Amino acid sequence: MADSKIITAATIRHYGSRANGSVRAAQEMRKESQIAPEAAIDARRLSSSELAEYVGASGSTIDRLIKKLGHATGRTGRIYSHPLSRISEYREALGTMRSEAVPVRIATVNFKGGVSKSTLTAHLAYALALKGYRALVVDADPQGSLSTLFGKHPDLDLTENDTLLPYFEGTEETLHYAIKPTELPNLSIIPAQLGLAGADYVIPARQVREADEGFRYFNLLDEGLKTVEGDFDVVLMDCPPSLSYLTSVVARAADGLVIPLRPSMPDFASSAQFLMSFGRYLGEFDQDTRLAKPYAFTKMVITQNRGIKAEIEMEKSIRAAYPGMMLNKDFPHIAAILEAGNFMRTLFDVSRDLVNKTTYERAVSRIAPVFEEIEHLIEDARRMKAEGRLAPRSLTEAELEASEMLSEEASA
Numbered sequence: 009m010a011d012s013k014i015i016t017a018a019t020i021r022h023y024g025s026r027a028n029g030s031v032r033a034a035q036e037m038r039k040e041s042q043i044a045p046e047a048a049i050d051a052r053r054l055s056s057s058e059l060a061e062y063v064g065a066s067g068s069t070i071d072r073l074i075k076k077l078g079h080a081t082g083r084t085g086r087i088y089s090h091p092l093s094r095i096s097e098y099r100e101a102l103g104t105m106r107s108e109a110v111p112v113r114i115a116t117v118n119f120k121g122g123v124s125k126s127t128l129t130a131h132l133a134y135a136l137a138l139k140g141y142r143a144l145v146v147d148a149d150p151q152g153s154l155s156t157l158f159g160k161h162p163d164l165d166l167t168e169n170d171t172l173l174p175y176f177e178g179t180e181e182t183l184h185y186a187i188k189p190t191e192l193p194n195l196s197i198i199p200a201q202l203g204l205a206g207a208d209y210v211i212p213a214r215q216v217r218e219a220d221e222g223f224r225y226f227n228l229l230d231e232g233l234k235t236v237e238g239d240f241d242v243v244l245m246d247c248p249p250s251l252s253y254l255t256s257v258v259a260r261a262a263d264g265l266v267i268p269l270r271p272s273m274p275d276f277a278s279s280a281q282f283l284m285s286f287g288r289y290l291g292e293f294d295q296d297t298r299l300a301k302p303y304a305f306t307k308m309v310i311t312q313n314r315g316i317k318a319e320i321e322m323e324k325s326i327r328a329a330y331p332g333m334m335l336n337k338d339f340p341h342i343a344a345i346l347e348a349g350n351f352m353r354t355l356f357d358v359s360r361d362l363v364n365k366t367t368y369e370r371a372v373s374r375i376a377p378v379f380e381e382i383e384h385l386i387e388d389a390r391r392m393k394a395e396g397r398l399a400p401r402s403l404t405e406a407e408l409e410a411s412e413m414l415s416e417e418a419s420a
C-alpha cells in the first residue's frame with residue numbers, strides 16, 4: 009500500500025533543517041584546518057621536497073627558509089609537515105610570486121547544470137594559485153556550489169550581504185567588502201548564497217530607475233571588478249546555469265569564456281541551443297551600446313568523461329561539430345575529486361588520509377594538462393589586453409543591421 013502521508017511545507021523545511029545539522033558537522037571538521045593548521049587532520053600537507061617542487065627551489069633553499077622563518081617541521085617524525093599556505097609564504101620570500109600589471113578575467117558558463125562548472129572553476133583556481141598567481145574567484149551562482157568547495161557553506165556561513173548583491177543594489181561602491189580569504193594567501197573568493205538570486209530583480213529594477221542617468225546594467229560587474237582587480241593576476245567567475253541577469257553581467261565582464269560540456273547527446277544538443285541563444289543575448293548588448301565586445305577566446309571543454317565507449321564516441325562527434333572551439337584536453341571524471349568535494353575541498357587541498365599519494369598523483373596528472381592549456385590561453389589574453397585588442401570597437405552600420413535582423417528572426 010502506498011504511503012498516504014501528506015507532505016507540507018513544514019515537512020520539507022524539517023528535512024532541510026535536519027540535513028543542515030549533518031552539513032554543519034562536516035563543515036566544523038574542515039574549519040579545524042583554518043583555526044589550527046598545524047593540528048588539522050583534513051587539510052593536505054606537504055613534505056619539504058613537495059614544497060620545494062611547488063616553489064621551484066632546491067631542497068637546501070627550503071631548509072634554509074625553514075630555519076630563517078622559524079617554522080617548525082611539524083609533529084615528531086612527521087614527513088608531511090608543511091601547510092599549503094607555506095607555498096605562498098616561501099614564494100614571497102624568494103620573490104617568485106607573480107604580480108601582473110594586466111589582470112585577466114575568465115567566466116565559466118553554460119545554462120545546463122551538472123556539467124562540473126563549479127568543480128572545474130575551483131580546481132583551476134587552486135592550480136593557478138599554487139603556481140604563484142594571485143587569483144580571485146567570483147561565485148555568481150546563488151546555489152553557492154563553488155563557495156562550498158572553499159569551505160564556505162551558503163546557508164550556514166553567509167548572508168546576502170557577503171555576496172555581489174549589495175554592489176548590484178548600489179549600496180556598496182567597490183567590491184572590497186565581499187572578498188574573503190581562503191587557506192592560500194594568494195587565493196580569495198567573493199562567495200554566493202541564495203540571497204544573490206535577488207539580483208535578477210534588483211538589476212532590472214535599477215536599470216529602469218537609473219536609465220536616464222546612462223546606467224547600463226550589463227556593465228555592473230565589469231565596473232565592480234575594476235575597483236579590486238589591481239590586487240589580482242586572474243579573476244575566475246562562475247555563472248548560474250541559466251541565461252539570467254547574473255549570467256549577462258558576468259559574460260560582459262569576461263575576457264575569455266570556458267564552456268564545460270559532458271559527452272552525452274542531451275548535453276551536445278543543449279550546447280547548440282546554448283551557443284545560439286547566448287550569441288543572440290550578447291549581440292543585443294552590442295546593439296544597445298553600438299560597441300562589439302571582443303573575447304580573447306571562447307572554448308568548450310569536455311567534462312566528466314569516464315572513458316566508456318559511448319562517451320568516447322560522443323566526444324568524437326562533439327569535437328567534429330565544434331572545430332577550433334574545443335580545448336584539446338578534458339576535465340575527466342575522477343572519483344578522488346568527488347571524494348574531496350564531500351569534505352568541501354578540492355583535490356589539491358584534501359587530506360592525505362582521504363586520498364593516498366599514488367591516487368593523488370595519478371589524479372593530478374590527469375587534470376593538469378587542461379589547466380596548463382587554459383593557463384596558456386590566459387597568458388595570450390593578457391598580451392591581447394595589454395595591446396588594446398580586447399577593447400570594445402564601434403559597430404558598422406552593416407553590422408548593426410545584420411544584428412537587428414538576427415534579433416528579429418529569433419523573436420519571430
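Just so we're on the same page, our numbering is the position in the sequence shown counted from 1, plus 8. Using N, Cα and C, we set each Cβ at its ideal position, and we do this for glycine too. It should be emphasised that the depicted structure is a prediction, and the values quoted were computed from it without experimental measurement.
Handout entry: Distance between beta carbons of L128 and E339, contact taken as under 8 Å
Key = Taking the first residue of the sequence shown as position 1, residue 339 is located at position 331. Taking the first residue of the sequence shown as position 1, residue 128 is located at position 120. First, the amino acid is wrong: residue 339 is Phe here, not Glu. Under the criterion of beta carbons closer than 8 Å, F339 and L128 qualify as touching, at roughly 5 Å.
Practice task
Could you give the DSSP three-state label for K301: helix, strand or coil?
Solution key: To locate residue 301, count along the sequence shown from 1; it is residue 293. Three-state DSSP puts K301 in coil, outside helix and strand.
Problem - Nearest-angstrom Cα separation, counted from D170 out to D163 - result: For this step, residue 163 is matched to residue 155 along the sequence shown. For this step, residue 170 is matched to residue 162 along the sequence shown. Straight-line measurement puts the Cα of D170 at about 12 Å from the Cα of D163.
Practice task
To the nearest angstrom, report how far apart D208 and F176 are at their CA atoms.
Solution key: In the sequence shown, the residue the question calls residue 208 occupies position 200. In the sequence shown, the residue the question calls residue 176 occupies position 168. Spanning the two alpha carbons is a distance of roughly 10 Å.
Practice task
Return the first residue and the last residue of the alpha helix (DSSP H) that M392 is part of.
Solution key: Position 384 of the sequence shown, counted from the first residue, corresponds to residue 392. Per DSSP, M392 belongs to the alpha helix (DSSP H) from K365 to A394.
Exercise for the section: Compare the C-alpha of E319 against each of P377, S285, K120 and M273 and name the closest. Expected result: Counted from its first residue, the sequence shown places residue 319 at position 311. For E319, the closest of P377, S285, K120 and M273 by C-alpha to C-alpha distance is M273.
Exercise for the section: Just grab the DSSP bridge partners of H161 for me. Expected result: For this step, residue 161 is matched to residue 153 along the sequence shown. Paired residues: none, contrary to the question.
Problem - Alpha carbon of L166 to alpha carbon of P111, nearest angstrom - result: Reading the sequence shown from its first residue, position 158 is the one you call residue 166. Reading the sequence shown from its first residue, position 103 is the one you call residue 111. L166 and P111: Cα-Cα distance of roughly 27 Å.
Problem - Straight-line Cα distance separating Y289 from A148 - result: Indexing the sequence shown from 1 puts residue 148 at position 140. Indexing the sequence shown from 1 puts residue 289 at position 281. Using only the alpha carbons, I get a separation of about 18 Å.
Handout entry: Bridge partners - G315, DSSP secondary structure assignment
Key = The residue labelled residue 315 in the question sits at position 307 within the sequence shown. None, per the DSSP bridge assignment.
Exercise for the section: In the DSSP assignment, find the beta strand (DSSP E) that holds P193 and state where it starts and stops. Expected result: Counting from one through the sequence shown, the residue named residue 193 turns up at place 185. Per DSSP, P193 belongs to no beta strand (DSSP E) and is neither H nor E.
Exercise for the section: Would you tell me roughly how many angstroms separate the C-alpha atoms of P193 and G122, rounded to the nearest one? Expected result: Here the question's residue 193 lines up with position 185 in the sequence shown. Here the question's residue 122 lines up with position 114 in the sequence shown. Each residue's alpha carbon lies about 30 Å from the other.
Problem - Buried or exposed (CB count within 10 angstroms, at least 16 for buried), A44 - result: In the sequence shown, residue 44 corresponds to position 36, counting from 1. Its pLDDT being 41, under 50, A44 is placed unreliably by the model, and the measurement read from it follows with that caveat. With fewer than 16 Cβ atoms within 10 Å of its Cβ, A44 is classed as exposed.
Exercise for the section: Use the C-beta contact count for S96: other C-beta atoms within 10 angstroms, 16 or more gives buried, fewer gives exposed. Expected result: Within the sequence shown, numbered from 1, the residue matching residue 96 stands at position 88. A residue is called buried once 16 or more other Cβ atoms fall within 10 Å of its Cβ, and S96 is buried on that count.
Problem - the region 101-117 touching the region 245-258, judged by at least three CB pairs closer than 8 Å - result: Yes, since at least three Cβ pairs between the region 101-117 and the region 245-258 fall closer than 8 Å, the two stretches touch.
Handout entry: Contact the region 293-309 vs the region 251-264: 3+ CB pairs below 8 Å
Key = Three or more Cβ pairs closer than 8 Å define a contact, and the region 293-309 meets that threshold against the region 251-264.
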